[in-house]
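There are 2 protein chains.
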Amino acid sequence: MQSLPGFRDIYPEDFQIRRYLLDTWRRVARSYGFREYDAPTLESSAIYEKKNSGGEILSQLYRFTDRGDRDVSLRPEMTPSLARMVAASSNRYRKPIKWFSIANFFRYERQQKGRLREFLQLNCDIFGDSSPAADAELLALTIDILRAFGLGKDDFVLRLSDRNAWLLFLEQNNCPPELAGDFLSVVDKMEREKPEETEEKLRPFGVDLSAVQKFIATDGDGAFAPILDDLAARGLRDFVGPDLGIVRGLAYYTGVVFEVFDRKRQFRAVAGGGRYDHLVKSLSDGNSDLPAIGMGMGDVVLTHFLQSSPTASEKMQSALASDRDCEVFVVVADETKRPDALGLITRLRENGIRADFSFGPAKVGKQFGSAESLGATHAVVVGSEWPEVRVKTLASREEIAVQQDALADLLKNDHSVRP
Amino acid sequence: MQSLPGFRDIYPEDFQIRRYLLDTWRRVARSYGFREYDAPTLESSAIYEKKNSGGEILSQLYRFTDRGDRDVSLRPEMTPSLARMVAASSNRYRKPIKWFSIANFFRYERQQKGRLREFLQLNCDIFGDSSPAADAELLALTIDILRAFGLGKDDFVLRLSDRNAWLLFLEQNNCPPELAGDFLSVVDKMEREKPEETEEKLRPFGVDLSAVQKFIATDGDGAFAPILDDLAARGLRDFVGPDLGIVRGLAYYTGVVFEVFDRKRQFRAVAGGGRYDHLVKSLSDGNSDLPAIGMGMGDVVLTHFLQSSPTASEKMQSALASDRDCEVFVVVADETKRPDALGLITRLRENGIRADFSFGPAKVGKQFGSAESLGATHAVVVGSEWPEVRVKTLASREEIAVQQDALADLLKNDHSVRP
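One line per chain: the protein sequences are R and P, in this order. The numbering of the first sequence is the working numbering, which starts it at 3 and goes up by one. The numbering of the second sequence is the working numbering, which starts it at 3 and goes up by one.
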């Protein structure tokens, strides 16, 4: 009995890392005033159909017919569900709406490094504001999340682009706008292909590779200045580089698009996103119409990236070390006092202290062994001196005697138990 | 475009309640020394087949064939995945193994109050100890979680039973042990049925209804004393009542079983669980063999229950009120200082303060309106006095002037911002 290929059993050691990721995502997103939401794991397949998600994602859907004869899919991304929710409720909320979620997604991918069939993703979106200030806010959040993990400007870069610039380019090159989607997917792949291949693929659009390359080299001709100035005021300018080579795979993007890469280019994109100003309207049949910009960041590539960076992995290790599963171990040195020990443990736990003990009689030395191997900072010995107990700091072997009813307060305020 | 029936769009107001539930579950489970894990959302259908989960659950599976021609199911419960994980790794961990998870599950249920097709559930399990002390630890955790929500002994009761007592009863009544499963499912349903119906259903087993009723009335004849004494030492005895009428629906339970109900019996079971001493062995083809006891608590019934209790709902409201999405709103009173304001906001956020502002120019009064409606405790006015800023406590209208570089420390240590 194994888990399915591409799916993970997350053991407690791995969950610690996940908790660190999720807590950091959540803390930074909330510091930006984003509010958390969630949506169903299973959706009607219709919300992912061609005109919305488009492309690769549809061929990777976990799609089936449910017991009620509905065509359903495990969610491969959050944006269509989110746009549905916002469209249905936009009158209830002040604009801009700033929301985030942390959820699991499913894609039937070929197995390869950085790709799993079930993965976690942070999604952050702003609705109801189409200004560069909103773009900058979302980019700043993306950057600040990675900074919170201990990554710096020498570790990653946010590559900033704009689909509107490409639409203008196509117009100037007399290419009909309905071909834009197919054209952009050629640009999307050109970085990974030989020039001859790209040249060949560009032919149907009547556009030369050299014209495309020249356009990319313009870096947007100052079009990104309002966003970049805003980021400079936040001290984040050095994390961003204009790069028109980025166009993103999904069909619904309309304006600014971006991807974040490690500077060494060891990994796939760590995060990505962009504007999708028409999706709310299209999913609500025109009943609601809100501009939007969003970003997604998955857990798989991010974890590889953090582990590859000395500063980030040191920061992670230090966070994990101070997040103990057992803080205080209660040693029962006199079995006749076990009922008292049980009462004491209950009060420690009520005070939020992570406390453990042996279920059955055991030698005191063995119980201390359990305390050490569980990683407790303190052992509390309940013996014949009850209601006095001995508190032992395991690192220093120092020991003091206290009355049992003073114990919880003592440990709760001790920063060596929890920083 | 709607979400599927039985599935929920969780808007931020609802997510606040979910966060309160999850944070409380997690805090109490961790105070007991339980370690968090997770398992795949999608599993091979084989792990739920007859001999493991049994009964109703199989007819409610979201089951389909994936693109790789595998028979897969969305998880309807955690126990089989967990038992698989423990079986595969039990050599790595000291016993007892104490683990918990918070995850979503899927059952194609008829729609009714307290039932959804996707729901969240807390699962807590202890492996490697078959003593009444381990049983008591798991029951105490179940009780303490509900106490942490502000529920007392007059609000709920944990009904404690034992399947082994029933097996003994069947033996004494000359009923063959292979009929135990079917017999227990008659007992499971008898509380909701007319006596004549139960009488009729008991006939094939050669057991009288009166014998069954008499047996239930024995309350286990003292068999629960070790568990109850342990709980009494923890001050939790009043939360438990022996009740042999509880047998649980799932096929894999072996010894102690229990369910928690609200005293008024307005709702379905709030939590339930029991021993499953053979499941690890059966899922590992005998390679691993660990006794186990576990419990599950879902979010749907629990939320209804909390909202119905005045003390619990007051506790929840107070927790929600102090968990603000926006704590500090930065008012830009002089647009030429906007870059300075952006830098200041970045530093507040870096310090973990939830800070927001207006993306574009707006009248100062309107910005204060935004601060109020976002629920901020403080507004910080950035104007021509920069680098001095004014800090306004919105509740009291008190105002002080501070240097901008002292602001983050000031607000971080102010308990009116975050308790």
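Yeah, the Cβ is synthetic: ideal placement off N, Cα and C, and Gly gets one too.
Along the alpha helix (DSSP H) that carries residue i, what are the first and last residues, could you check?
| i | result |
| --- | --- |
| I229 (chain R) | 227-235 |
| I147 (chain R) | 134-150 |
| K203 (chain P) | 197-204 |
| V188 (chain P) | 182-192 |
Does the Cβ-Cβ distance between residue i and residue j come in under 8 Å?
| i | j | result |
| --- | --- | --- |
| D416 (chain R) | G35 (chain P) | no |
| V262 (chain R) | G276 (chain R) | no |
| G8 (chain R) | Q113 (chain R) | yes |
| T43 (chain P) | L76 (chain P) | yes |
| Y50 (chain R) | P78 (chain R) | yes |
| R65 (chain R) | M3 (chain P) | no |
| V393 (chain R) | A343 (chain R) | no |
| V333 (chain P) | Q369 (chain P) | yes |
| L281 (chain R) | T81 (chain R) | yes |
| L396 (chain P) | A373 (chain P) | yes |
| L160 (chain P) | V249 (chain P) | no |
| A105 (chain P) | Q123 (chain P) | yes |
| A225 (chain R) | N175 (chain R) | no |
| D279 (chain R) | V272 (chain R) | no |
| D146 (chain P) | R351 (chain R) | yes |
Residue i lies in the beta strand (DSSP E); which residues open and close that run?
| i | result |
| --- | --- |
| V272 (chain P) | It is not in any beta strand (DSSP E) - V272 (chain P) carries neither H nor E in the DSSP assignment. |
| G296 (chain P) | 294-300 |
| A403 (chain P) | 401-405 |
| P244 (chain R) | 242-244 |
| A357 (chain P) | 357-359 |
| L76 (chain R) | 73-76 |
| V249 (chain P) | Note, V249 (chain P): premise wrong, no beta strand (DSSP E); not H, not E. |
With H, G and I counted as helix, E and B as strand and the rest as coil, what does DSSP make of residue i?
| i | result |
| --- | --- |
| F17 (chain P) | helix |
| R392 (chain P) | strand |
| L170 (chain P) | helix |
| V419 (chain R) | coil |
| V366 (chain P) | helix |
| K100 (chain R) | strand |
| F217 (chain R) | helix |
| P341 (chain R) | helix |
| N289 (chain R) | coil |
| T379 (chain R) | coil |
| A373 (chain P) | helix |
| A105 (chain R) | strand |
| F121 (chain R) | strand |
| D411 (chain R) | helix |
| L160 (chain P) | strand |
| T256 (chain R) | coil |
| Q325 (chain R) | First, the residue type needs correcting, since residue 325 (chain R) is Asp and not Gln in the sequence shown. The answer is coil: DSSP assigns D325 (chain R) none of H, G, I, E or B. |
| E352 (chain P) | helix |
Any C-beta of chain R sitting closer than 8 Å to the C-beta of residue i?
| i | result |
| --- | --- |
| W27 (chain P) | no |
| L453 (chain P) | Since the first and last residues shown for chain P are 3 and 421, residue 453 (chain P) lies out of range. |
| D411 (chain P) | no |
| D157 (chain P) | no |
| E422 (chain P) | Past the edges of chain P, shown from 3 to 421, lies residue 422 (chain P), and the structure says nothing about it. |
| G354 (chain P) | yes |
| G45 (chain P) | Looking at the sequence provided, one finds Glu at residue 45 (chain P) rather than Gly. Yes, contact with chain R. |
| R351 (chain P) | yes |
| F17 (chain P) | yes |
| A364 (chain P) | no |
| E401 (chain P) | no |
| L344 (chain P) | yes |
| S290 (chain P) | no |
| R10 (chain P) | yes |
Any beta carbon from chain P within less than 8 Å of residue i's own beta carbon?
| i | result |
| --- | --- |
| T144 (chain R) | no |
| E2 (chain R) | No answer is possible for residue 2 (chain R): it lies beyond the span of chain R, which begins at 3 and ends at 421. |
| T305 (chain R) | no |
| L140 (chain R) | no |
| P421 (chain R) | no |
| Y254 (chain R) | no |
Legend entry - Residues, ordered as in the chain, of the region 377-394 of chain R that lie near chain P by beta-carbon distance below 7 Å: none
Legend entry - Contact residues within the region 228-249 of chain P, judged by C-beta distance below 7 Å to chain R: D232, A235, R236, G237
Legend entry - chain R contacts made by the region 56-84 of chain P, where a contact means CB separation under 7 Å: Y64, F66, D68, R69, R72, V74
Inset, instruction - Closer than 7 Å, Cβ to Cβ, to anything on chain R: give me those residues from the region 94-105 of chain P, in chain order. - result: R96, P98, W101
Legend entry - Members of the region 311-339 of chain P near chain R, C-beta cut-off 7 Å: D327, C328
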